[in-house]
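Trainee:
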Amino acid sequence: MTKDVISLTPRMPEPWAVLAGLFSGGPDKLVGTRGEGAVIQLCDAEGRPLVSVEAPLLVSVEGEAERLLGTTAPPVPYWWTEARATTGVAEAEQLAGTFAARLASLVGGSAWPPDAVGSIAVVKTDGVSVAPEPAAAQPAIDVLTDKVAVVIQDRPVVAMTAWLSDAFRAAAEAGLGLQIVSPAGTTLSPAVRDALGGWPSRWIVQDERDGYYDGLTGAVLRWQEGAFDPVLSPDATEDDPHTPVATAYQEVRDTGERQLGLTFRMVHPADERLVLGGGLESVWRELTGEPPAGWGTSEPATLPWSPGRLTDVAYERAPEPTWLVVVGSRSRPGIATVRITRTKAGVEEEVTLAFGYGADEEPPLDALPAAAEALATRHHLQSMLVQLRKARRDVAVPPRFEGPGVPLAFALGAEEVRTMPGDRARRTPLTEQPVQLGPRTRPALYYPLPGDPSDLTGWQDFERLMRHLKGA
Numbered sequence: 000m001t002k003d004v005i006s007l008t009p010r011m012p013e014p015w016a017v018l019a020g021l022f023s024g025g026p027d028k029l030v031g032t033r034g035e036g037a038v039i040q041l042c043d044a045e046g047r048p049l050v051s052v053e054a055p056l057l058v059s060v061e062g063e064a065e066r067l068l069g070t071t072a073p074p075v076p077y078w079w080t081e082a083r084a085t086t087g088v089a090e091a092e093q094l095a096g097t098f099a100a101r102l103a104s105l106v107g108g109s110a111w112p113p114d115a116v117g118s119i120a121v122v123k124t125d126g127v128s129v130a131p132e133p134a135a136a137q138p139a140i141d142v143l144t145d146k147v148a149v150v151i152q153d154r155p156v157v158a159m160t161a162w163l164s165d166a167f168r169a170a171a172e173a174g175l176g177l178q179i180v181s182p183a184g185t186t187l188s189p190a191v192r193d194a195l196g197g198w199p200s201r202w203i204v205q206d207e208r209d210g211y212y213d214g215l216t217g218a219v220l221r222w223q224e225g226a227f228d229p230v231l232s233p234d235a236t237e238d239d240p241h242t243p244v245a246t247a248y249q250e251v252r253d254t255g256e257r258q259l260g261l262t263f264r265m266v267h268p269a270d271e272r273l274v275l276g277g278g279l280e281s282v283w284r285e286l287t288g289e290p291p292a293g294w295g296t297s298e299p300a301t302l303p304w305s306p307g308r309l310t311d312v313a314y315e316r317a318p319e320p321t322w323l324v325v326v327g328s329r330s331r332p333g334i335a336t337v338r339i340t341r342t343k344a345g346v347e348e349e350v351t352l353a354f355g356y357g358a359d360e361e362p363p364l365d366a367l368p369a370a371a372e373a374l375a376t377r378h379h380l381q382s383m384l385v386q387l388r389k390a391r392r393d394v395a396v397p398p399r400f401e402g403p404g405v406p407l408a409f410a411l412g413a414e415e416v417r418t419m420p421g422d423r424a425r426r427t428p429l430t431e432q433p434v435q436l437g438p439r440t441r442p443a444l445y446y447p448l449p450g451d452p453s454d455l456t457g458w459q460d461f462e463r464l465m466r467h468l469k470g471a
């Protein structure tokens, strides 16, 4: 496995401290840069990277080291510096550990994982070399074929780090899938799960019984013709090419934990006074009693919650879309991804949000109508879907089966209700009629779904409602 070594320091690593860490291979090692100087690399004699060190991040959000690394960080604000060792080179792993050890000795703090941090002595790397380009061309990509880019991650949580985000972007630009390989026991950040999309991109989990399997579908995989692809069952036919499902994926554990998930879209008129993020904050406050804790353009989320700063970032990137991650406090785990896009209709915000609850905690279902009304009356709601499902309280995605969510409610914004023919939006095939949100002259509608959250009947009700609203 590739080794990521992360230094958590109370003070910013000065350039001289980083340089001292890079001398862990001796003063004769080559040093290069990538990404306009954002990444510094310690290289072999041919100039190929052994260790890549990202520019330090100032983290001002509590709980991110605990959420992503399972370790304790210095009090906020602190500095997060990642060093990534090149795959399959033992000396590179030692260099990364020595780099972190030297950094900690010079500026204080700690490193993750603790067992990766070695002595501060020079690592002997004479004659050591790494794979030629293009496999080493992108620091986060470990294997490159004509089908996929493969990233190997040995971390407690595979998160949407800046490096992984760059790998997604590089793979997409090259027309390749991205496949992430991790050991058993690793979980996935919802931000990464939502970005994986479909085939050939996958999350591949190593398993002692089945070798490799897809962490999101359970399909047993093998490396075949330049990519991880499903293994066909012995009794598969051309008409039914089904694949075996890994045993580990089927080991369902009902802990009583649940997640409340919301997906909603807002379409704002394009206006120079527009402030984004207000809709998400309103929902967060209605359901938790507090605003989000922090946000960022990658994980860890580094910035305290601020709709104003969020808007500035989106404005600077326009007309290109902006992707953001938003996190909650440790007392109420929550994570959202936000995609902001400039379209002909205006400025669209698409939010996917999940909150986690323990077996002894009740999700605040009574607060859902108020959350929908806040979106409809103040934030130009287009639509919203609410689901409840059995899933982890910490909102991480495990490599085993978690059942689908059951729809609890759906909402339509005022403009969508207005443009629907006749009074179709107000008269539905459901037992419970919609709740009016906002002014009577221009209402939005909230549809409680009568399906039992303990089974899948909610999907039947939801499908009936969708067919009705579409006039089918």
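In numbering that gives the first Met the number 0, the protein residues as written are 0 to 471.
Ideal Cβ positions, reconstructed from N, Cα and C, are used throughout, including at glycine.
1. Taking Cβ to Cβ, would you say residue 403 is nearer than 8 Å to residue 388?
2. Buried or exposed for residue 206, going by 16 or more other Cβ atoms inside 10 Å?
3. Terminal residues of the continuous alpha helix (DSSP H) containing residue 467?
4. Can residue 234 be considered in contact with the ligand FMN, in the sense that its beta carbon sits closer than 7 Å to one or more heavy atoms?
5. Is it buried or exposed, residue 143, if we count other Cβ atoms within 10 angstroms and call 16 or more buried?
6. Determine whether the beta carbon atoms of residue 339 and residue 320 lie at a separation below 8 Å.
7. Going by C-alpha to C-alpha distance, which of 50, 172, 54 and 71 sits closest to residue 60?
8. Compute the Euclidean distance between the alpha carbons of residue 336 and residue 350, then round it to the nearest angstrom.
9. Name the one or two DSSP bridge partners that residue 51 has.
10. What number of angstroms, rounded off, separates the C-alpha of residue 49 from the C-alpha of residue 98?
11. For residue 189, which of 354, 110 and 459 has the nearest alpha-carbon?
12. Assuming the contact rule is C-beta atoms closer than 8 Å, residue 303 and residue 276 should be a hit. Round their C-beta distance to whole Å, please.
13. Relative to the C-alpha of residue 287, which candidate in 391, 269, 330 and 268 has its C-alpha closest?
14. Would you kindly report the start and end of the unbroken beta strand (DSSP E) that includes residue 314?
15. Report all residues from its chain with a CB closer than 6 Å to the CB of residue 457; omit the five preceding and five following residues, and keep chain order.
16. If you measure between the beta carbons of residue 442 and residue 408, is that distance less than 8 Å?
17. Between 438, 427 and 432, which lies nearest to residue 377 when the distance is taken from Cα to Cα?
18. Output the boundary residues of the beta strand (DSSP E) element that contains residue 149.
19. Any contact of the stretch 220 to 232 with the stretch 356 to 371, i.e. 3+ C-beta pairs under 8 Å?
20. What are the boundary residues of the beta strand (DSSP E) that residue 444 is part of?
21. Looking at residue 258 and residue 370, is the spacing between their C-beta atoms short of 8 Å?
22. In the DSSP assignment, find the beta strand (DSSP E) that holds residue 341 and state where it starts and stops.
Mentor: In short, the structure shows the following:
1. Yes. Within cutoff.
2. It counts as buried.
3. Unbroken alpha helix (DSSP H) run through residue 467: 456 to 468.
4. No copy of the ligand FMN appears in this structure; indeed no ligand is present at all.
5. It is buried - the Cβ of residue 143 has at least 16 other Cβ atoms within 10 Å.
6. For residue 339 and residue 320, yes; Cβs fall inside 8 Å.
7. Of the listed residues, the one whose Cα sits closest to residue 60 is 71.
8. When rounded, the distance between both Cα atoms is 6 Å.
9. Partner(s): 40 and 83.
10. Residue 49 and residue 98 have their C-alpha atoms some 12 Å from each other.
11. Answer by Cα proximity: 354.
12. The beta carbons of residue 303 and residue 276 sit about 12 Å from each other, so the pair does not count as a contact at 8 Å.
13. Looking at the Cα atoms, 330 is the closest of the given residues.
14. No beta strand (DSSP E) holds residue 314; the alpha helix (DSSP H) holding it covers 306 to 316.
15. 405, 406, 448 and 450, listed in sequence order.
16. Not closer than 8 Å, so no.
17. It is 438 whose Cα lies nearest to the Cα of residue 377.
18. That run of the beta strand (DSSP E) goes 147 to 151.
19. No, they do not touch.
20. From DSSP, the beta strand (DSSP E) with residue 444 extends over 443 to 447.
21. No, Cβ-Cβ distance for residue 370 and residue 258 is not below 8 Å.
22. Counting along the chain, the beta strand (DSSP E) containing residue 341 begins and ends at 333 to 342.
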